[in-house]
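Last residue of the sequence shown: number 352 in our numbering, and the count goes up by one each step with no gaps. Here's the structure, in structure tokens; my notes come after.
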Amino acid sequence: MGLTKDFFIFLSQNKALNSGAKRWGLKLGAQSVVAGTNIPDMIESVKELNRHGISATIDNLGEFVFEKEEAIIAREQILKVIEAIHENKVDAHISLKPTQLGLDIDYGFCQENLREIVAKAYEHNILINFDMEDYGHLQPSFDLIDELSREYDNIGTVIQAYFYQSEDIIKKYKDYRLRIVKGAYKEPENLAYQDKKDIDRNYIKLIEYHLLHGKFTSIATHDHQVINHVKSFVKKNNISKDKFEFQMLYGFRKDLQLQLAKEGYNFCTYVPFGTDWYGYFMRRLAERPQNLNLVLKQTFNKKTNTLIGIGAGAFLLGRLSKKKNAKKGAKL
Ligand SMILES: Cc1cc2nc3c(=O)[nH]c(=O)nc-3n(C[C@H](O)[C@H](O)[C@H](O)COP(=O)(O)OP(=O)(O)OC[C@H]3O[C@@H](n4cnc5c(N)ncnc54)[C@H](O)[C@@H]3O)c2cc1C
Numbered sequence: 021m022g023l024t025k026d027f028f029i030f031l032s033q034n035k036a037l038n039s040g041a042k043r044w045g046l047k048l049g050a051q052s053v054v055a056g057t058n059i060p061d062m063i064e065s066v067k068e069l070n071r072h073g074i075s076a077t078i079d080n081l082g083e084f085v086f087e088k089e090e091a092i093i094a095r096e097q098i099l100k101v102i103e104a105i106h107e108n109k110v111d112a113h114i115s116l117k118p119t120q121l122g123l124d125i126d127y128g129f130c131q132e133n134l135r136e137i138v139a140k141a142y143e144h145n146i147l148i149n150f151d152m153e154d155y156g157h158l159q160p161s162f163d164l165i166d167e168l169s170r171e172y173d174n175i176g177t178v179i180q181a182y183f184y185q186s187e188d189i190i191k192k193y194k195d196y197r198l199r200i201v202k203g204a205y206k207e208p209e210n211l212a213y214q215d216k217k218d219i220d221r222n223y224i225k226l227i228e229y230h231l232l233h234g235k236f237t238s239i240a241t242h243d244h245q246v247i248n249h250v251k252s253f254v255k256k257n258n259i260s261k262d263k264f265e266f267q268m269l270y271g272f273r274k275d276l277q278l279q280l281a282k283e284g285y286n287f288c289t290y291v292p293f294g295t296d297w298y299g300y301f302m303r304r305l306a307e308r309p310q311n312l313n314l315v316l317k318q319t320f321n322k323k324t325n326t327l328i329g330i331g332a333g334a335f336l337l338g339r340l341s342k343k344k345n346a347k348k349g350a351k352l
């Protein structure tokens, strides 16, 4: 397929395309991996997952938050999502990124926004999961978690296996509900494993540690080899199914998601929604350009703009393919 990772990352970071997309509605096949642009549509998608015994972690998509007004809009929207989870009695919790709540603007301002969200969720017994972003935001995010945890216990977070320091971090946070991932951002060699084999090895090590010593483990991966390893590890070590769950992103490996739920494993789908879907969608294509096949299959003949979008993309690719290191600063 000649469309490269760097190309999709470049598209994901294009601010003009990101703002344009807010006006388009879900296009280019994004509806296969984004659960709607508004709360009612997203709640319907969550109800559908719940009908299959799958819970949800809901992400209100948002990019480029450098103004206080944008962070406040995000906070208000997340508060509405919490109310919607409560009113609709769906099996769901929240995933959020501190940068969307103003971490790049002002630490104290971000902390106040997060406190309001965590407090509202606490009233309704809903978990707030702090997604982890790039290394520059790692320590401030853990500081926010530490401070808010003094008041509330409905907080979970993420451990990224590519960091050398993740083993120390996981020990410190073993009493938290942790989602363990390989890590999505481009990080330098002095901080993170670069080789897939090393990342995978550390990933397994951290999962096993938290399964044995931690509170609750969310194994967030589309990698069937890791999933199969976990299945035999828990069996061998007599680890009860209520101590862990598998997680995948909305729209990916749907058959495997359903199969794991049917086999009686706890399963939670990461459900992104909102008008700010464009960057997220392009990063999914960057992560695994084969995903374009999935999108094409689901949208071909349905929307001519899929073809127009991809055609325009292919044209741009010719002009941009020399762009190097474009993945720097990529998000989940
Ligand atoms: C629910 C969830 C939450 C996440 N939260 C964060 C976060 O907060 N911070 C962060 O840095 N990262 C996060 N990530 C991203 C994560 O760090 C990885 O970048 C991402 O999941 C890709 O790694 P992987 O483990 O899925 O498999 P990969 O290493 O990408 O793939 C391994 C193998 O799995 C198979 N495979 C993978 N995808 C597919 C597919 N779509 N279809 C068929 N086979 C496939 C292939 O055989 C592939 O070779 C999250 C991921 C998930 C699923």
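All C-beta atoms in this analysis are idealised placements derived from N, C-alpha and C, irrespective of residue type, glycine included.
For residue i, three-class secondary structure by DSSP
i: Pro208; result: coil
i: Glu265; result: strand
i: Ser238; result: strand
i: Ser260; result: coil
i: Ala55; result: coil
i: Phe86; result: coil
i: Leu280; result: helix
i: Leu116; result: strand
i: Phe150; result: strand
i: Leu123; result: coil
i: Leu46; result: coil
i: Lys255; result: helix
i: Asp166; result: helix
i: Val110; result: coil
i: Tyr213; result: coil
i: Arg71; result: helix
i: Gln388; result: No answer is possible for residue 388: the residues shown for the chain start at 21 and end at 352.
i: Lys35; result: helix
i: Arg95; result: helix
i: Gly128; result: helix
i: Arg273; result: coil
i: Gln245; result: helix
i: Lys351; result: coil
i: Arg221; result: helix
i: Arg308; result: coil
i: Tyr300; result: helix
6 Å Cβ shell around residue i - same chain, five flanking residues per side excluded
i: Tyr300; result: Leu81, Pro292
i: Asp154; result: Tyr205
i: Arg304; result: Val53, Asn311
i: Ile63; result: Ala104, Asn108
i: Asp79; result: Ser115, Pro292
i: Ser32; result: Gly299, Met302, Arg303
i: Lys140; result: Leu99, Ile102
i: Ala50; result: Trp297, Phe301
i: Gly73; result: Ala281
i: Ser238; result: Arg199, Glu265, Gln267
i: His113; result: Thr77, Ile146, Leu147
Residues bridged to residue i (per DSSP)
i: Val201; result: Gln180
i: Val291; result: Ile78
i: Ile175; result: Ile148
Own chain partners of residue i with C-beta closer than 7 Å, once the 5 adjacent residues on each side are dropped
i: Tyr13; result: This structure does not reach residue 13, given that the chain is present from 21 up to 352, and the question cannot be answered.
i: Gly4; result: Outside the displayed range of the chain (21 to 352) lies residue 4, so it cannot be described from this structure.
i: Gln97; result: Asn80
i: Lys88; result: Gly122, Ile125, Phe129
i: Leu352; result: Asp151, Ala204
i: Ser65; result: Ala55, Gly56, Val291
i: His19; result: The shown model of the chain, from 21 to 352, leaves out residue 19, and the question about it has no answer.
Beta-carbon contacts of residue i that lie in its chain and below 8 Å, excluding the five residues immediately before and after
i: Asn222; result: Ala181, Tyr182, Ser186, Glu187, Tyr213
i: Ile259; result: Leu231, Leu232, Phe253
i: Ile224; result: Val246, His249
i: Glu209; result: none
i: Ala91; result: Val85, Gln120, Leu121, Gly122, Ile125, Phe129, Cys130, Asn133
i: Leu168; result: Gln131, Leu134, Arg135, Val138, Ile175
i: Thr289; result: Leu69, Ile74, Ser75, Ala76, Thr77, Gln267, Met268, Leu269, Tyr270, Gln277
i: Leu226; result: Ile179, Ala181, Ser186, Glu187, Ile190, Ile200
Cβ-heavy atom distance, residue i to ligand 3, below 6 Å
i: Leu269; result: With respect to small molecules bound, the structure shown includes ligand 1 and not ligand 3.
Contact the region 273–286 vs the region 52–61: 3+ CB pairs below 8 Å:
no
With a threshold of 8 Å, are at least 3 pairs of Cβ atoms found where one atom belongs to the region 185–198 and the other to the region 166–177?
yes
Is the region 132–150 in contact with the region 94–104, if contact means three or more CB pairs nearer than 8 Å?
They touch, by the three-pair rule.
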